[in-house]
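Take a look at the structure below.
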Amino acid sequence: MSPTHEALSIHQLLGLQAQRSPEAAAITAPGRRPLTHRRLHQHVGEVIQRLRSAGIGRHDRVVLALPQGPDLAVAFLAVAAGAACVPLDPSWPAPEYASRLADLGARALVLPAGAEMPSRAVALESGIAVLDLIPVPDAEAGLFRLSGGPVARLAPPDPGRSSDVALVLQTSGTTARPKGVPLSHANLCASARSIAASLGLGVGDRCLDVMPLFHIHGLMVLLASLAAGGSVACPPRFDVTRFASWLEELRPTWYSAVPTMHHAVVRLAGLAPSPAARTSLRLIRSSSAPLPPRLAAELEALFGVPVIEAYGMTEASHQIASNPLPPRPRKPGSVGIAAGAAVAIVDAAGRPLPPGVAGEIVIRGPGVTAGYENGPAEGAWTSEGWLRTGDQGRLDADGYLFLTGRLTEIINRGGEKISPREVEDVLGAHPAVAEAVAFPIPHPTLGEDVGVAVVLHAGASAATQDLRRFAAERLADFKVPGRVLLVDRIPAGATGKPQRARLAEQLQPQAGARPRADGAPAASRTPTESALAGIWAAVLGLEAVGIDDDFFALGGDSIHATLILSRVRRKFSVDLQLRALFDAPTVAELATLIVEGHAREADPEELARLLRELGELSDEDARRLLEDRSA
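Shown next as structure tokens:
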């Protein structure tokens with residue numbers, strides 16, 4: 029077989045392009061001369077020999093702790109071509125590096141020359157060799173030399189083979205403890221060629237790589253561009269204020285990013301209407317987190333090019349599925365068709381599910397890792413060899429994949445299962461909402477309730493009850509957020525992915541009852557407020573309720589709401605729908621609703637649903653509810 033059809037090593041992959049387009053640009057950067065494919069391949073060979081002279085062989089672990097830019101891009105290619113490369117975030121503190129270096133069994137650490145970083149002291153204390161990376165002055169982008177290293181006998185000179193581990197990453201850990209993922213040369217090269225094919229990349233394409241190069245997303249768009257014979261522009265760490273100037277100077281034909289970055293680009297464009305004028309882009313790609321449909325539409329309107337949403341994960345060497353290029357259809361809300369791995373949907377027992385039925389997404393293919401490191405793999409693969417992704421989704425009749433959430437992120441509200449993605453998509457359609465992330469929050473009777481953190485568009489305004497009402501008009505009652513929190517930004521990891529598992533913990537202090545100036549409940553001002561406060565306290569089992577306390581923050585749920593509204597009906601001779609408490613979640617607001625006569629007649633269907641729920645109530649609650657209804 030020819031090298032284009034057999035499993036390749038990274039060194040072979042780079043060598044193919046050095047033969048085909050030797051003088052074409054491979055690596056560029058702001059203010060730097062381009063590095064050609066020929067010189068890149070040559071330099072990678074030189075770095076491999078430098079590693080061998082330091083006694084570092086094909087299977088040794090070499091950690092990169094370098095700032096974003098062309099030096100890191102070329103260092104990854106060179107180290108991965110000759111050893112097992114482990115790129116880590118250079119901003120981590122010393123304790124994090126101490127833990128990671130020990131777990132990895134690192135042989136060497138590559139650092140910027142002269143940089144006094146916490147990782148340097150950790151490596152020296154641990155007996156790990158430090159290699160200093162020194163950029164070559166006035167040279168092409170990404171050329172460097174390595175200084176230092178262990179004193180050891182020479183290692184065998186050959187580069188890595190296709191079956192060798194080329195890259196070791198850890199899963200992002202947004203929902204569980206990170207797991208080590210070793211990826212072979214064959215895995216990476218197969219995925220790179222798949223990405224290039226799905227995007228139609230060629231020699232004339234240039235990617236603006238704004239993703240961190242210690243993340244599989246950023247590394248694979250780099251390798252995919254080079255596999256297609258194109259080039260990669262490697263700016264410093266993502267800076268949205270410089271994005272427009274990078275487009276003008278570097279003239280990329282595409283870029284790939286997470287939705288958080290896309291949102292920042294759109295938001296800046298809204299403040300300065302002309303940053304995207306006269307670009308050379310032909311497509312925009314989004315991956316690593318769900319892309320809200322409205323954000324995709326805003327990007328397409330801003331740049332006038334198609335936005336291609338893809339789905340990937342570290343264990344698959346990034347890409348699993350991708351929406352096709354026009355004129356083939358791109359379905360809103362879908363991450364596209366299988367592109368890089370075979371995709372199936374299975375139930376909890378691993379049995380295949382038909383189109384349209386949601387279940388766990390499983391994958392297999394040449395880009396998928398053979399196993400995890402330093403952790404049990406039990407249950408990670410089905411008996412037929414499919415890797416369980418932990419993601420939930422469905423395939424339609426045309427083979428388009430729709431994600432519905434992470435299995436570990438599903439919110440269990442009193443036995444009702446809720447996908448955060450569904451809630452986020454609904455609130456994301458509100459004209460004032462820029463970002464929305466749903467997550468489970470503790471609830472005293474239901475176990476979990478739906479919390480949503482919302483970032484508003486610049487200059488937009490919306491009250492939490494407005495957002496809750498908007499959701500209530502579009503979602504089943506049990507899916508409506510119990511708490512909507514307005515925040516300036518969504519906490520995210522270094523790759524821009526929301527840290528959903530940490531959101532509840534980080535935002536919980538903001539999620540309680542509304543602040544009280546003196547720590548005591550705000551006193552009632554009218555007989556209506558006083559009567560309502562007494563009803564709330566009795567139903568919720570509280571000593572006192574202030575007029576500004578939020579019903580949901582006090583632990584209220586649909587059962588409590590029904591009991592309260594039944595007593596309100598008897599006390600004030602008004603009928604309020606259950607959703608009235610979403611519109612008016614405090615005593616003061618509900619009193620205003622009553623006084624102003626904004627109540628509406630009860631919905632018969634809602635009443636029928638409520639009666640069907642009686643069997644789930646305690647005997648005491650059922651008795652109280654029936655007494656209230658007959659009064």
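Counting from 1, position 459 in the sequence shown corresponds to residue 487 in this note's numbering; the numbering is continuous, with no gaps.
All residues carry an ideal CB built from backbone N, CA and C; glycine is no exception.
The alpha-carbon of V193 is positioned some 12 Å away from that of C217. With respect to the 9 Å criterion, A324 and A338 are not classified as neighbours on the basis of their beta carbons. No Cβ-Cβ contact shorter than 9 Å links A54 with V268. Excluding residues up to 5 positions away in sequence, F467, I469, R511 lie with their Cβ nearer than 6 Å to the Cβ of G479 in the same chain. Cα atoms of A566 and V508: separation of roughly 24 Å, rounded to the nearest angstrom. Closest by C-alpha distance to L195, out of E276, A112, L100, E450, is A112. Around H69, the same chain offers L42, G43, A46 as residues with beta carbons nearer than 7 Å, after the five sequence neighbours per side are excluded. With fewer than 16 other Cβ atoms from the protein chains shown falling within 10 Å of its own Cβ, S119 counts as exposed. Shown here, L431 sits in a strand according to DSSP, grouped into three states.
Under the three-state reduction of DSSP output, P468 falls in the strand class.
By the Cβ neighbour-count rule, R60 is buried, with 16 or more other Cβ atoms within 10 Å of its own.
Remark: C-beta atoms of N440 and E476 approach each other more closely than 9 Å. At the C-beta level, P115 and T397 stay beyond 9 Å of one another. For G340, the secondary structure class from DSSP, reduced to helix, strand or coil, is strand. By the CB criterion at 9 Å, S154 and A109 fall outside the cutoff. With the rule of 3 Cβ pairs closer than 8 Å, the stretch 448-467 counts as touching the stretch 481-488.
Nearest in C-alpha terms to A370, of all of G361, G340, P184, is G340.
With respect to L63, A149 sits apart: the two C-beta atoms are not nearer than 9 Å. Between D233 and V249 a beta carbon distance of about 11 Å is seen, past the 8 Å cut, so the two are scored as non-contacting.
Annotation for R265: Q96 place their beta carbon closer than 6 Å to its own, counting only its chain and skipping 5 residues before and after. The beta strand (DSSP E) runs of length 3 or more contained entirely in the stretch 71-97 are, from start to end of the chain, 89-92. Judged by DSSP secondary structure, H346 falls within the beta strand (DSSP E) whose first and last residues are 346-350. V193 is bridged by DSSP to S212. DSSP lists no bridge partner for V385. In this model, A225 and L353 are separated by some 10 Å (Cα to Cα). When the five nearest sequence neighbours on each side are left out, the beta carbons in the same chain lying within less than 7 Å of the beta carbon of S308 are those of R279, P280, T281, in order along the chain. Membership of G176 in the beta strand (DSSP E) is indicated by the continuous run 172-176. The Cβ atoms of L435 and G418 sit closer than 9 Å to each other. Proximity of the stretch 88-106 to the stretch 127-138 meets the contact definition, three or more beta-carbon pairs being nearer than 8 Å.
The alpha-carbon separation between A520 and V286 amounts to approximately 11 Å. Check the Cα spacing between L609 and each of K599, S601, T620: the tightest is with T620. Counting the other Cβ atoms within 10 Å of the Cβ of G332 gives fewer than 16, which makes it exposed. The Cβ atoms of S284 and S314 lie closer than 9 Å to each other. The Cβ atoms of I373 and L431 do not sit closer than 9 Å to each other. Every beta strand (DSSP E) stretch that sits fully inside the stretch 31-63 and reaches 3 residues is listed by chain position as 53-56. Looking at the DSSP output, E463 bridges to V483.
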